[in-house]
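Quick note on numbering: numbering that gives the first Met the number 0 labels position 50 of the sequence shown as 49, and the sequence is numbered without any gaps.
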Amino acid sequence: MLKIIDVDLVGPYKLELVFNDGFHGIADLSDYFSKAPFSAIKDFQKFSLTADGSLNWRGNELSAATLRAATKGVQKTAATNFNVQEMEDVIKQASWDSMQEGRPDILQAAIRSYVEQFGHSQVIAKAGIKSRTSAYRSLKPQTTPNFATLVQLGHAVIELAKENINGRSETQL
0 MLKIIDVDLV GPYKLELVFN DGFHGIADLS DYFSKAPFSA IKDFQKFSLT ADGSLNWRGN
60 ELSAATLRAA TKGVQKTAAT NFNVQEMEDV IKQASWDSMQ EGRPDILQAA IRSYVEQFGH
120 SQVIAKAGIK SRTSAYRSLK PQTTPNFATL VQLGHAVIEL AKENINGRSE TQL
């Protein structure tokens, strides 16, 4: 299933998108936001990344497939798509944005996208989390995540990424 795993605002109605299949590029959504129902949205930057990897503006959603069709970019291989420093930067920025906007869902979405790349079981095991239920609940949209669990999961995905780069892991991204 195609999902957006990272999104950054790069200009008016323009987003930089990374998809779970390695495709990376810029989507100009001006056409979408010039017509109903999106034309009624006054604050383009107030969107959320949904559990299914789509983007939602207060109930108005664009699927990952629709956004992929609107994205001009390149397909990256798993090796070039994976960058530990970039992962750390995304998690740090998501943490900051979550605190600034009072929206834990921002950090939750960032962590969830990386957990999905490695697989829940592997990340939960690496994090040493005893309660799988707690880990799943912390990643589930429309819940108030446990911050401590998110931090554990964030550390685990970074460690797994480092192991993968060093060739110590057999995980295929």
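Ideal Cβ positions, reconstructed from N, Cα and C, are used throughout, including at glycine.
Per-residue DSSP class, three states only, for residue i
i      : result
ASN163 : helix
THR70  : strand
SER137 : helix
ALA177 : A question about residue 177 goes unanswered here, because the residues of the chain that appear run from 0 up to 172.
ALA50  : coil
LEU28  : coil
PHE22  : strand
ALA78  : Residue placement at ALA78 cannot be trusted, given a pLDDT of 42 that sits under 50; what the coordinates show is reported in the next sentence. ALA78: helix per DSSP, three-state reduction.
GLY118 : coil
GLY10  : strand
Beta carbon proximity, residue i to chain B, threshold 8 angstroms
i      : result
ALA134 : Of the protein chains in the structure, only one exists, and it is not chain B.
Boundaries (first-last residue) of the alpha helix (DSSP H) holding residue i
i     : result
PHE18 : Not the alpha helix (DSSP H): PHE18 falls in the beta strand (DSSP E), residues 13-18.
ASP88 : 83-100
LYS45 : LYS45 -> no alpha helix (DSSP H), and no H or E assigned at all.
Residue burial classification, residue i (beta-carbon count within 10 angstroms, cutoff 16)
i      : result
ASN165 : exposed
GLN99  : exposed
SER53  : buried
MET86  : buried
ALA39  : exposed
LEU8   : exposed
ALA35  : exposed
In DSSP terms, what residue i is bridged to
i      : result
ASN145 : Bridge partners of ASN145: none, in fact.
Enclosing beta strand (DSSP E) for residue i [first to last residue]
i    : result
LEU1 : From DSSP, LEU1 is part of no beta strand (DSSP E); its letter is neither H nor E.
Check: Can we say the segment 143-152 touches the segment 101-115, given the rule of at least three CB pairs closer than 8 angstroms?
Finding: Short answer: they touch.
* Validate contact between the segment 54-73 and the segment 14-25 using beta carbons, cut 8 angstroms, 3 pairs -> Under the 8 angstroms Cβ criterion, the segment 54-73 counts as touching the segment 14-25, having at least three qualifying pairs.
Requested in this report: Spell out a yes or no on whether the segment 122-129 and the segment 156-167 are touching, meaning 3 or more CB-CB pairs, one atom from each, closer than 8 angstroms.
Outcome: Yes: the two stretches touch, three or more of their Cβ pairs being nearer than 8 angstroms.
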